[in-house]
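If you read the sequences in order, they're chains A and B. Here the working numbering runs 1372 ahead of the position in the first sequence, where the first position is 1. Here the working numbering runs 1208 ahead of the position in the second sequence, where the first position is 1. Backbone N, C-alpha and C fix where the C-beta goes; we use that ideal spot for every residue, glycine too. These notes are about the structure you will find just below.
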Amino acid sequence: MRGFLRSDGRKGIRNVVVVAYLVECAHHVAREIARPFRDRGVHLIGFPGCFPNAYAARIMERLATHPNVGAALLVSLGCESFDRERLARNVERSQRPVATLVIQESGGTARTIEAGRAWIDQTLPRIESTPQVGLALDELVVATICGGSDATSGLTANPAVGRAFDLLIEQGAAAIFEETGELIGCEQFMARRAATPELGSEIIASVAKAARYYQTLGHGSFAPGNADGGLTTIEEKSLGAYSKSGKSTIAGLIKPGDTPPRAGLYLLDVVPDGEVRFGFPNIVDNAEIVELIACGAHLTLFTTGRGSVVGSAIAPVIKVCANPDTYRKLADDMDIDAGRILEGRATLDQVGREIFDLVAAVADGHPTASERLGHQEFILTYKSFEPIGPACLPQVV
Amino acid sequence: MAPSPSTGGLDSRLLRLAAEDNVAAATTTIEPGETVLIDGAPVAVSDRVPTGHKMAVAAIGAGEKVIKYGAPIGSATRAIRPGEYVHTHNLASDYLPTFTLDGAHPYLKEE
């Protein structure tokens, strides 16, 4: 495998330019700048809010300096709260090409679009010269998420991803699973797998926080389609989702934007801290994928039973289809047919190995189904977090 | 915790994920009128159980825990017979309500 070497020593498996709008008012201009370059690795990201938010600022910074990113163009209206100078400074410090366009100072929509496209034209050849070096599995951060789950998810795709996670962690990779709100009912199992009892207590507390948050909002992370697919309760969905984590020891509990410090399995706590503010913690799967990428994930293993078609900006998404009927309907959108397990045509171990092999191929440049189809979804909304506690990342060998 | 199918006397179209489970997943759609084998005995099926959905493989009393993956996934809202379809009509979460679009568990009330 080959990767793009960055100044912080991390290596990217893609070399994209991000065009980032810093408020919804700059969204159209940013989208138009990126549009002609859609097939040349130019991805649109952004934050819509005009009010300031420390979480969003941190996530945008992590994304703009993600190992898969080679350069960043920031598009500001001019009067929003987002601290564009700070973001530009931090991208510059990472030795990536960066430019900021302020629409109010650049002559408006048409001239800003023109200036942005000219910058990308100049920048694409520059980042093509980024040194490509050997990349090993122990340098990868791999994430997993489930979306559009049904009752087959927890029987096939999720445990198969768990097998792949175990194989990746054996090879020294870091692996992240997430969504404490979709792990309600699994807290005691997870605590027993934690590297230390103190970490176990932190995990139980994070799930209790999620249950409280969702209770206040009156909804669990459970869509009507989950019930159509045979899942009856959030606990049942959780137990199926939980099997994505495999059998490895849980090495740490991190929050959005925290990078796993070493190899092993990490749980990402995506539910905000403090009183309930800003609405639902994760309004849709891509909000979680963005947070996983902000933790340094090079790629995401996305399991689906009902059939999600999404990909993501910045980091490839590998779609693992749990349900054999769904696979037949949406084969073009899927990378792995895990429903074969249900039909007795493959074992969990075989599909786990297939996912593991595909991770290596995608890390080496092989495009995923969602990449081929042009999916570059992105969403970032308001949240607030406290830093993780000292017990969340125990120093264990 | 991990699926470790136990098939003792259980129909091959049903997947019990842990020995203590009182429900099993259908590996293919089972139609009303069909017969399934539970604990070695034939049981007539009265509801359609689509692929992946759950069928009771033991008698479950009203208010008792429904067990899958060796863990409780909620409580029975009424008594459930072996061979019966288990879903939102007879099982509820112990944590958060489940909403559906079929009118049975609405989150928007009709005006």
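If you drop the 5 nearest sequence neighbours on each side, which residues of the same chain put their C-beta closer than 6 Å to that of residue i?
| i | result |
| --- | --- |
| residue 1758 of chain A | 1645 |
| residue 1509 of chain A | 1543, 1545 |
| residue 1217 of chain B | 1247, 1248 |
| residue 1379 of chain A | 1466, 1467 |
| residue 1531 of chain A | 1615, 1720 |
| residue 1563 of chain A | 1572, 1575, 1576 |
| residue 1405 of chain A | 1391, 1485, 1488, 1489 |
Can the beta-carbon of residue i be found closer than 9 Å to that of residue j?
| i | j | result |
| --- | --- | --- |
| residue 1733 of chain A | residue 1512 of chain A | no |
| residue 1301 of chain B | residue 1481 of chain A | no |
| residue 1727 of chain A | residue 1535 of chain A | yes |
| residue 1516 of chain A | residue 1567 of chain A | no |
| residue 1642 of chain A | residue 1749 of chain A | no |
| residue 1752 of chain A | residue 1431 of chain A | yes |
| residue 1623 of chain A | residue 1555 of chain A | no |
| residue 1247 of chain B | residue 1292 of chain B | no |
| residue 1638 of chain A | residue 1548 of chain A | yes |
| residue 1472 of chain A | residue 1483 of chain A | no |
| residue 1678 of chain A | residue 1520 of chain A | yes |
| residue 1671 of chain A | residue 1723 of chain A | no |
| residue 1746 of chain A | residue 1386 of chain A | no |
| residue 1740 of chain A | residue 1688 of chain A | yes |
| residue 1267 of chain B | residue 1290 of chain B | yes |
| residue 1527 of chain A | residue 1225 of chain B | yes |
| residue 1478 of chain A | residue 1394 of chain A | no |
| residue 1529 of chain A | residue 1261 of chain B | no |
| residue 1507 of chain A | residue 1374 of chain A | yes |
| residue 1487 of chain A | residue 1454 of chain A | no |
| residue 1675 of chain A | residue 1533 of chain A | yes |
| residue 1627 of chain A | residue 1565 of chain A | no |
| residue 1552 of chain A | residue 1376 of chain A | no |
| residue 1703 of chain A | residue 1514 of chain A | no |
Can you tell me which of the options puts its alpha carbon nearest to the alpha carbon of residue i?
| i | options | result |
| --- | --- | --- |
| residue 1427 of chain A | A:1630, A:1503, A:1600 | A:1630 |
| residue 1713 of chain A | A:1653, A:1693, A:1509, A:1704 | A:1693 |
| residue 1499 of chain A | A:1656, A:1552, A:1441, A:1708 | A:1441 |
| residue 1439 of chain A | A:1641, A:1420, A:1710, A:1666 | A:1666 |
| residue 1686 of chain A | A:1378, A:1390, A:1617 | A:1390 |
| residue 1647 of chain A | A:1400, A:1456, A:1581, A:1725 | A:1581 |
| residue 1615 of chain A | A:1577, A:1684, A:1538, A:1664 | A:1538 |
| residue 1433 of chain A | A:1412, A:1392, A:1633 | A:1392 |
| residue 1418 of chain A | A:1583, A:1594, A:1684, A:1374 | A:1684 |
| residue 1766 of chain A | A:1448, A:1503, A:1703, A:1573 | A:1573 |
| residue 1768 of chain A | A:1452, A:1553, A:1569 | A:1569 |
| residue 1632 of chain A | A:1558, A:1760, A:1401 | A:1760 |
| residue 1652 of chain A | A:1592, A:1601, A:1742, A:1602 | A:1592 |
| residue 1636 of chain A | A:1401, A:1452, A:1540 | A:1540 |
| residue 1673 of chain A | A:1399, A:1742, A:1560 | A:1742 |
Spatial neighbours of residue i within its chain, please: CB distance less than 7 Å, with the 5 preceding and 5 following residues excluded, ordered by chain position.
| i | result |
| --- | --- |
| residue 1403 of chain A | 1416 |
| residue 1396 of chain A | 1420 |
| residue 1271 of chain B | 1283, 1284 |
| residue 1398 of chain A | 1447, 1448, 1449, 1475 |
Assuming residue i and residue j make a contact with CB atoms under 8 Å, what is their CB distance in whole Å?
| i | j | result |
| --- | --- | --- |
| residue 1596 of chain A | residue 1307 of chain B | 6 Å |
| residue 1587 of chain A | residue 1304 of chain B | 7 Å |
| residue 1764 of chain A | residue 1625 of chain A | 4 Å |
| residue 1231 of chain B | residue 1265 of chain B | 6 Å |
| residue 1296 of chain B | residue 1599 of chain A | 6 Å |
| residue 1654 of chain A | residue 1682 of chain A | No, residue 1654 of chain A and residue 1682 of chain A are not in contact; Cβ-Cβ is about 14 Å, not under 8 Å. |
Please go through the same chain and pick out, in chain order, the residues whose beta-carbon is closer than 8 Å to the beta-carbon of residue i, but skip the five residues on each side of it.
| i | result |
| --- | --- |
| residue 1470 of chain A | 1436, 1443, 1444, 1445, 1446, 1460, 1463, 1464 |
| residue 1259 of chain B | 1234, 1235, 1236, 1237 |
| residue 1650 of chain A | 1644, 1753, 1754, 1755, 1756 |
| residue 1729 of chain A | none |
| residue 1504 of chain A | 1374, 1375, 1376, 1377 |
Any heavy atom of the ligand ZN within a distance shorter than 8 Å of the CB on residue i?
| i | result |
| --- | --- |
| residue 1248 of chain B | Because no ligand of any kind appears in the structure shown, any question about the ligand ZN cannot be addressed here. |
At least 3 beta-carbon pairs within less than 8 Å: the stretch 1266-1283 of chain B vs the stretch 1608-1625 of chain A: Three or more Cβ pairs drawn from the stretch 1266-1283 of chain B and the stretch 1608-1625 of chain A lie within less than 8 Å of each other, which places the two stretches in contact.
Meets three-Cβ-pair contact criterion under 8 Å: the stretch 1658-1665 of chain A and the stretch 1482-1494 of chain A: no
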